[in-house]
Amino acid sequence: MDKNKSNIDLEISDRRNFFKKTVAISVTALAGTSLLASQNATFGDGEPEILNHAKWGQVWGDPVSKNLYGVPSPYEHNVIRRNTKLLASGNFRASIAVTPLHESEGIITPNGLFFSRSHGGTCFVDPNEFRLMIHGLVDKPLVLTLEELKRYPRVTRTHFIECPANGGQEWRAPQFNSLQFSKGFMSSAEWTGVYIKDLIKDLGLDLSKAQWMLAEGSDNSEMGRTVPIDKVLDDAMLVWGQNGEALRPEQGYPVRLLLPGWEGNLCVKWLKRLEFSQEPWYAKEETSKYTNLKPSGKAIQHFYANEVNSTVVTPSPEKPWTHLKDGDMVEIEGLAWSGMGTITGVDLSFDGGKNYVKAKLKGLVLPKSWTRWSYMHKYKKGDVLLLTSRATDDAGFIQPTIDEETLVMGVEAVYHRNAVETWEVTADGKVNHVQIRTDHRETKGVNNA
Amino acid sequence: MRKFNTKLITTVSAITLSAFFAAGCVGNDATPESKWKTGSDIGGGVTYIMDGDKTGPYYVNSDAHKMSISNGRVPTAAELKAWNVDLQPRGIGSPNGQGIPVGSGSVEEGEELYDAKCLSCHGDFGAGYGTYPALGNGNAYELNKTLTNNRYLDPEADGPTRVFGSYWPQLTTMFWYIRDAMPHPKSKTLTTDEVYALTAYMLYINEIEVNGELVEEEFVLSNENFLDVRMPNEDGFEPNIAGANSLPGVRAYFNNPANYGAQKVKYEERCMTDCQDESAKVVKIQNGGIQSFTPPLSVVRDLPKVKKAGIDVLEVYKNNCSSCHDGMLSVGSDDWANYTTKGIDKVYENAISGTDAGMPAMGGVSMSKENFKTLVDYLITGKIK
């Protein structure tokens, strides 16, 4: 770099008295490298980012031969999955790492940020040793290699996958002052694979008997779950493609089950076997876990679809409005999703769910998919807001209030909590996770029916 | 015997369709909720069946989905036998316990195995350890009564205890899970008799009664008496999925939102003003809430700190070792003297390849052996090299 030239330029500008206390000079001095303040300084007052040449713009960039599989900008190193010791289950092998929703864009999660949940650790399947067996109530049981599986006609669909424990730590009260942890047990991708109904067409499935299908993984926990035949014959898929590339190991490479809209754990990863039977199985992850205890002492088992849900994404506790000026027009943006169907609308409340206005849907509105929504807001400094979003779907469902949901489910259910959730925007623009609910020590009891 | 074929798919779809029309939910384009849906789903939602060259908003090659395609091969009898080893509560559609393997094991044998292979994570008598799950917490029949504990009325009260004895509906689940997934760092290494013994021990610590008698130390569980075991919470779940024809009940259950706290509303009739009960108040996070996030939350966009070569021993210990070693063979503990008598190389060897006592190979950490030895040295001496 031609330091002399730089100094000469500065002298010139100084002599001409255009720039007595220029930002450019002080920043240049601090930065110490890439010191070309340049003639731009002669244009007058302004930000050094504009008045100076950018330091990356005056050197060679990386050759195209670097990073043959691309990686994010190093500046994005805080946009990552995170985990918590609270959900470690000992050693983070039967645990979860959650998606940074506060940094999410659109309705697709990058594969490296897709939430990761396993019951025996992420396993690494050799695709050459992958075998899929389909058997049980069929005339012709089947074994497929990965290459043979990929010969069936492909289907590509955009669906979210959500752990039913999304929001499940907050049945009794808000606990996470974070969008990533309060709603990030989910992600969304464009999946490619085959319909199971296409795969089993010539196997002679005995539909007079076949009621259930066991899907079993080849991982350390041999994770398995029972799926009702209805879903198998509807939209159940075996997928190997995720956002245009192979599934990531964390998502079940090379093949996972995808049951659009249904609990993430039902979408068995590292798949090895499908078996058809007249009776269900009672696998561990459909009895000891993923069952919803109600106040009656009975628990809901085989709870399939994730119900209609939504959240405000911008602002969030992670990305508040502290930088806004009074009178700024700002977009309130969020996500809505339903495993029951397609999002039909989203309403937004500024008073914690007392009164709602209709928000606008944006982009593609697809079945059993994340859907973006938006509302333009004129920010008033000093106002305290309670931002609550509420979605509806084409199955006719609407998000319940916390009181409506807990009156039926109590507060010990762990899973499938889809009541409306609220961000408090404080007078100085900070955002806090709060809940609007009745203290039932003072009022009604629970429904023990 | 009905066979599954294309024609049948049409029949099934027709049934769901007609049911749907009967419910009067289709056809009005004025409401946003009726764009593509074609039927109702067992889980309470809607379906979007293939109609011509479209399903919902997606185009499809309808030719491809009409065809019957044959790939792959039929598995051999040995292959089927090797993989078809799942367990169902009454055996595979049979009251005779088909699918339940021949074998046996006693509580005493189970206890010995448990202490050697399970205790390091699951704690004494299955009481749990750190965030590792508990397997029992006393008498299952008493704990079963806690399932109605709901901290709805009193957040400070005791919650429900959902352990194997009090909650799991079927014994097959435990046998199957121990056999395929345990010990977690070395799964699928137990013999059938060992699985029986450990399952028997699970019944013992949960004080389960079999045929009216409390399971004692001399109790032997085998394929002969396996089906006699009834778990206290066998009937604790809804909808009922047991038996050969339970799906209609499951469909009915999820088509009634009142069963699971969901709300349905006509879109035009949803509440827009004065929607919240007067008694509802703003509840804030108490005491800062949960903040043990790894890595800590940050939205800063800067260049990441360059990590030094080698490992951050304390950080690796915290994330990978502390959950067990805080409690046993802790950092710098005198107990290590019993393990170093055969020389430090033997300790390294055990740590690197794992032990039956619960030490996972390399502690489940991926790093060079040299770095790993530094970690082992720290555990033994309490000093970082």
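If you read the protein sequences in the order shown, they are chains A and B.
Mapping of the first sequence onto my numbering: residues 242 to 690, in sequence order.
Mapping of the second sequence onto my numbering: residues 1176 to 1560, in sequence order.
No residue lacks a Cβ here, since even glycine has one placed at the ideal position from N, Cα and C.
Element boundaries [beta strand (DSSP E), containing A/S429]: M427 to Y436
Please return the same chain residues whose Cβ sits closer than 8 Å to the Cβ of B/R1538, not counting the five positions on each side in sequence. In the sequence as displayed, the identity of residue 1538 of chain B is Gly instead of Arg. The residues are N1495, C1496, A1526, F1547 and L1550.
Which of helix, strand or coil DSSP assigns to A/V606: coil
I'd like to check one pair, A/G586 with A/A636: are the Cβ atoms closer than 8 Å? no
I want to verify the contact list: residues of chain A whose CB lies under 9 Å from the CB of B/F1412, in sequence order. T528, T532, K539, A540, I541, Q542 and H543
Touching or not, the segment 333-343 of chain A and the segment 351-362 of chain A, by the rule of three or more beta carbon pairs under 8 Å? yes
Provide the residue span of the alpha helix (DSSP H) that contains A/N332, from first to last. Here A/N332 belongs to no alpha helix (DSSP H), and DSSP marks it neither H nor E.
Under a three-way DSSP split, which group does A/V675 fall into? strand
Start and end residues, alpha helix (DSSP H) containing B/V1551: K1544 to T1556
Could you tell me whether the Cβ of A/H318 comes closer than 8 Å to any Cβ of chain B? yes
Decide if B/H1359 is buried, meaning its Cβ has at least 16 other Cβ atoms within 10 Å, or exposed. buried
Sub-8 Å separation of B/G1227 and A/G580 beta-carbons: no
Step through the CB atoms of chain B and report whether any lies within less than 8 Å of the CB of A/P394. yes
DSSP three-state label for B/M1357, please. coil
Taking the C-alpha atoms as reference points, what is the distance between B/D1355 and A/N461? 8 Å
Can you check the segment 488-530 of chain A for any beta strand (DSSP E) of at least 3 residues that lies completely inside it and give the ranges in chain order? 497-499 and 512-518
Is DSSP giving B/G1538 helix, strand or coil here? helix
Paired residues, beta bridge with B/T1448 - DSSP: Answer by DSSP bridge pairing: none, since B/T1448 is not bridged.
At a Cβ threshold of 8 Å, is A/S345 touching chain B? no
Give the residues from the segment 563-588 of chain A that approach chain B closer than 8 Å (Cβ to any Cβ), ordered along the chain. S579, G580, M581, G582, T583, T585, G586 and D588
Does the Cβ-Cβ distance between A/V435 and A/Y393 come in under 8 Å? yes
Can you check whether the C-beta of B/V1277 is within less than 8 Å of a C-beta belonging to chain A? no
Counting only beta-carbon atoms, is B/P1250 nearer than 8 Å to chain A? yes
DSSP puts A/N215 in a beta bridge; with which residues? Outside the shown range of chain A, which is 242 to 690, sits residue 215 of chain A, and nothing can be said about it.
When the cut-off is 8 Å and only beta carbons count, does B/M1447 lie next to chain A? yes
How would you call B/Y1234, buried or exposed, if buried means at least 16 neighbouring beta carbons within 10 angstroms? exposed
Quick check on the burial criterion: 16 or more other C-beta atoms within 10 angstroms. Buried or exposed for B/A1427? exposed
Would you tell me roughly how many angstroms separate the C-alpha atoms of A/N258 and A/S590, rounded to the nearest one? Reliability of the predicted coordinates at A/N258 is poor, the pLDDT of 43 falling under 50, and the value obtained from them is presented with this limitation in mind. Computed Cα separation, rounded: 55 Å.
Quick check: is the beta carbon of B/K1544 nearer than 8 Å to any beta carbon in chain A? no
Let me confirm a value: A/L448 is counted as buried when at least 16 other C-beta atoms fall within 10 Å, else exposed. Which label applies? buried
DSSP state of A/I249 mapped onto helix, strand, coil: Its pLDDT being 41, under 50, A/I249 is placed unreliably by the model, and the measurement read from it follows with that caveat. Reduced to three states, the DSSP call for A/I249 is helix.
Can you pull the chain B neighbours of A/F422, defined as C-beta to C-beta under 8 Å? I1465 and F1468
Would you call A/Y316 buried or exposed, if buried means 16 or more other Cβ atoms sit within 10 Å of its Cβ? exposed
In the structure shown, what three-state DSSP assignment does B/D1290 receive? helix
Restricting to Cα atoms, I'd like to know which of A/G651, A/N659, A/D367 and A/S551 is closest to A/V496. A/D367
Between which two residues does the alpha helix (DSSP H) containing B/T1374 stretch? T1367 to I1380
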